[in-house]
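>
Numbering (this note's numbering), first residue to last: 15 to 145.
(1) From what residue to what residue does the alpha helix (DSSP H) around residue 45 run?
(2) Note down the Cα distance separating residue 70 from residue 105, rounded to an integer number of angstroms.
(3) On a CA-only basis, which of 113, 52 and 87 is nearest residue 19? Give me that one, please.
(4) Runs of 4 residues minimum, wholly inside the segment 107-145: which ones carry the alpha helix (DSSP H) assignment?
(5) Between which two residues does the alpha helix (DSSP H) carrying residue 79 extend?
(6) Residue 93 lies in the alpha helix (DSSP H); which residues open and close that run?
(7) Starting from residue 100 and walking both ways along the alpha helix (DSSP H), at which residues does that stretch end?
(8) Does the Cβ of residue 38 have 16 or more other Cβ atoms within 10 Å, making it buried, or fewer, making it exposed?
(9) Out of 135, 134 and 49, which has the shortest C-alpha to C-alpha gap to residue 65?
(10) How many angstroms separate the CA atom of residue 27 from the CA atom of residue 119?
(11) Would you kindly work out how many angstroms separate the C-alpha atoms of residue 97 and residue 143, rounded to a whole number?
Right, dumping it as structure tokens:
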């Protein structure tokens, strides 16, 4: 069944360390992984596919968040295993120069830092509420 959303943004988090994954797009700079939802895909399937394509990792979808600031898009929260030995690596996606984990918002951010901060704040509040 076709999703009502056209694209996804993925916040891939390592729950124990709190680090999140970002990709460095060769034209846009740092951004969260994501992309278009294909016709036959659910939001969850698209998120896991894009995460694998851009960062070569897998995870578990834990929540989806529809933010008003994302026209026709949705944020998908994915928990990934702690990869202690991986801090930064190359992507197999030709548009992505590198992939890395972050604890702070980097420079050369494609989105404004306020958008990323609101996504991170939502995740942090949800984790606090769950504990």
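Glycine included, C-beta positions come from ideal geometry on N, C-alpha and C. None of the values given here were measured: they were computed from a predicted structure.
Quick look at the numbers:
(1) Taken as a continuous stretch (DSSP letters only), residue 45 belongs to no alpha helix (DSSP H), being part of the beta strand (DSSP E) at 43-45.
(2) Rounded to the nearest angstrom, the two C-alpha atoms are 7 Å apart.
(3) Comparing alpha carbon positions, the residue from 113, 52 and 87 closest to residue 19 is 87.
(4) Listed in chain order, the complete alpha helix (DSSP H) runs (minimum 4 residues) inside the segment 107-145 are 127-144.
(5) From DSSP, residue 79 is part of no alpha helix (DSSP H) but of the beta strand (DSSP E) over 74-79.
(6) Segment 87-93 is the beta strand (DSSP E) holding residue 93; no alpha helix (DSSP H) there.
(7) Here residue 100 belongs to no alpha helix (DSSP H), and DSSP marks it neither H nor E.
(8) If you draw a 10 Å sphere on the C-beta of residue 38, you find 16 or more other C-beta atoms in it, and that means buried.
(9) Measuring from the Cα of residue 65, the nearest candidate turns out to be 49.
(10) 14 Å
(11) Taking the straight line from one Cα to the other gives about 25 Å.
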